[in-house]
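To keep things clear, I will list the structure first and then write my remarks on it.
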Amino acid sequence: MASTAQARAAAPARSGWQTAVHAVLGFVGRWYSVAVVLLLWELIVRSGWVNPRLFPSLGVIWDQLVLMFSRGTIWDHLLATLIRVAAGFGLACAGGVLLGFAMARFRWVDRLFEPLFSFGYPIPRVALYPVFVFVFGLGHLSKIAMIFLECLYPIAVNTYYGTRAVNERYVWAARNMGANEVQVFWKVIVPSALPQIFAGLRIALPVALVIAILTEMIGATEGMGYLIAYASASLSRSQVFAGVVVIAVVGFVLDRVLAIVRRRLVFWERESVQLL
Amino acid sequence: MARVSKHEASSPPALATAAQGQRPLASAHRSALTRLEPLLQALAVPVALLVLWQLGANLGLLPAWLVSPAAIGAQFGAWLVSGELFLHARDSLYRSLSGFALGALFGVVLGLLAGVSPRVASFFDPLISLTYPVPKIAILPVLIVWFGISDTSKIVLILISCFYPCFIAALYGVRAADQTWIWAAQNMGASGWQVFWKVIVPAAAPQIFAGLRVALALAFILMFSSEMIGSSNRTGLGFLILNAEAGGRFDAIFAAILAIGILGFVCDRLLLAVRNRLLVGQSIAEGRHG
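Protein chains in written order, with our numbering: chain Y, 100 to 375; chain B, 107 to 396.
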């Protein structure tokens, strides 16, 4: 983006076609590596060094994608996965943010949950999935509960630290100017914790998708993870690759949507380095 | 973020004082007790929950899937005695840690390179930002096709997943290095290589460890899931769970989960210990969330 932005900034001094050339060059300069990798893939497949059944060419994957969407079978799976991600992630957002605020605000909540978060953080909670299947069944509920549990940790922990890191002087200044507790919360604490909360959401969103796909691969009757596992079991490599491409696009789009929401809500601060 | 490190520091000292508290010094006794207090407070809720859980199980109030802690402990102990647990834990650790080590190696090295060289960065940046939000677990079937249902496919999956957080952390760690320090080093006659090793790498180290920590957690998640999905070589803790699930053995499921939890926790603490050793005196803007 930086190079196209530079090209645009330099635009007034140049004529129309020069600007266009610069924009194109900037675009190529930024994205050429993707083309290089795709080209490399195609070359390897075409060269005949590898079995084309194991490495389907881009054309074959594209045909498979078109087929999947024209038949319409993929929509149900996609919808199931998206419902699970949305429900689990949404619940985790609500629960995690509330819990994070409560832990930062009330000492007894902090005492109650802090050990759970500090000791539970490095433990792979997804190992509980078999138990969840017994309790919630094989349908939506077990997946949503699992996504909720996995996403709760980064969101709650980030909200907690974000709230604790609020500059006391802002709070004092607001109180000094006669703000009541509710106003302090909404006008001072929430805005200053918001960048850190979004950092937590940015961590949690890919996790939600991973857990959805993962749990669907382990045990489900619908969803993108099930589709891939099924295609893999029926030895249809091109279908597996097509499924991976769809999941990749979904993951990318969800990430972009979150970035746009963040830009709207946290308009005063550019996204920091927290991709992690 | 400075707050975070203050908070972070609260638990290891608590453990350290616990060890000191056992010294039979009468004079130190009182202060040791007061220093033990945070630890006791932290333990109070989990212990109370465990007691309630056991009581409920004894009274038959709990559903069948929630077996009592004693039964889980018994199964865990039986595995320990028979040595079965060590066998599975060894295989699981081999997969997760070798995948983690390779992913960390590639990620950190390439991330550092991208940090110092704009050309490398501009090559990797679009690739990373396009593929970062993609759930890597989705390519497990592909990897199984390429490498077979073996340790290799699992290790490659863990490698790929661990690569991302390490790469990103190293890249931004280098970018966050204070330009003034670099100028200062150059001013004092440091060569490019010296600036890299003596200034840039240490400056990026806290970020890199944050990335390593995220990657380690990922390695354990993927170890478990790859063993659940594609483990036909019948080893690993994930397979233990799968096996126990097939037999309806809830005590075995929970015992295996306990083992995974302990391993994940211990590896995380080891990484933190290494970090604290290496980063003596560096104040770290790092939370347990990475």
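C-beta: ideal position from N, C-alpha, C; glycine also.
Comparing alpha-carbon positions, the option among Y:178, Y:185, Y:181, Y:258 lying closest to residue 216 of chain Y turns out to be Y:258. Along the region 198-215 of chain Y, the positions whose C-beta sits under 9 Å from a C-beta of chain B are 210, 211, 212, 213, 214, 215, read in chain order.
Of the residues B:169, B:327, B:356, the one whose Cα lies closest to the Cα of residue 371 of chain B is B:327.
The residues 295, in chain order, have a CB closer than 7 Å to that of residue 260 of chain Y in the same chain once the five nearest residues on each side in sequence are set aside.
In terms of beta-carbon proximity, residue 171 of chain B lines the interface with chain Y, with at least one pair separated by less than 9 Å.
Within chain Y, no residue has its CB atom less than 8 Å from the CB of residue 315 of chain B, the nearest being about 11 Å off. The shortest C-alpha to C-alpha distance from residue 134 of chain Y to any of B:321, B:233, B:298, B:341 is the one to B:233. Cβ neighbours of residue 341 of chain Y within its own chain (closer than 7 Å, five residues either side excluded): 160, 163, 164, 167. Assignment of residue 310 of chain Y by DSSP, reduced to helix, strand and coil, places it in the helix class. CA-CA distance, residue 222 of chain B to residue 280 of chain B, rounds to 7 Å. Here residue 353 of chain Y is near residue 184 of chain Y, since their CB atoms are less than 9 Å apart. With its beta carbon at least 9 Å from every one in chain B, residue 238 of chain Y lies outside the interface. At a C-beta separation below 7 Å, residue 124 of chain Y has no neighbours in chain B, since its nearest C-beta there lies roughly 13 Å away. The region 284-292 of chain Y makes no contact with the region 219-226 of chain Y, as fewer than three CB pairs between them are under 8 Å. Excluding residues up to 5 positions away in sequence, 349 lie with their Cβ nearer than 8 Å to the Cβ of residue 181 of chain Y in the same chain. Rounded to whole angstroms, the Cβ separation of residue 204 of chain B and residue 261 of chain B is 5 Å, and the two are in contact under 8 Å. Unbroken alpha helix (DSSP H) stretches of 4 residues or longer found wholly inside the region 120-152 of chain Y: none. Identification of chain Y residues near residue 247 of chain B by a Cβ-Cβ cut-off of 7 Å yields 327, 328, 331, 339, ordered along the chain. Burial state of residue 301 of chain Y is buried, judged by a 10 Å Cβ sphere holding 16 or more other Cβ atoms. Listed along chain Y are 220, 221, 222, 223, each with a C-beta nearer than 9 Å to that of residue 323 of chain B. Assigned with DSSP and collapsed to three states, residue 164 of chain B falls in helix. Residue 169 of chain B has its alpha-carbon roughly 31 Å from the corresponding atom of residue 323 of chain B. DSSP places residue 227 of chain Y outside any alpha helix (DSSP H), giving it a letter other than H or E. Selection Y:232, Y:190, Y:212, Y:269 evaluated against residue 347 of chain B yields Y:232 as nearest (Cα-Cα). Contact of residue 361 of chain B with chain Y is not assigned, every C-beta pair being separated by 9 Å or more.
Bounds of the alpha helix (DSSP H) holding residue 361 of chain Y are 336-364.
Secondary structure of residue 266 of chain Y (DSSP, three-state): coil.
Of all residues in the region 207-240 of chain B, those with a C-beta nearer than 8 Å to a C-beta of chain Y are 228, 229, 230, 231, 232, 233, 236, 237, 238, 239, 240, reading in chain order. One alpha carbon belongs to residue 324 of chain Y, the other to residue 190 of chain Y, and they sit about 21 Å apart. Here the C-alpha atom of residue 362 of chain B lies approximately 20 Å from the C-alpha atom of residue 163 of chain B.
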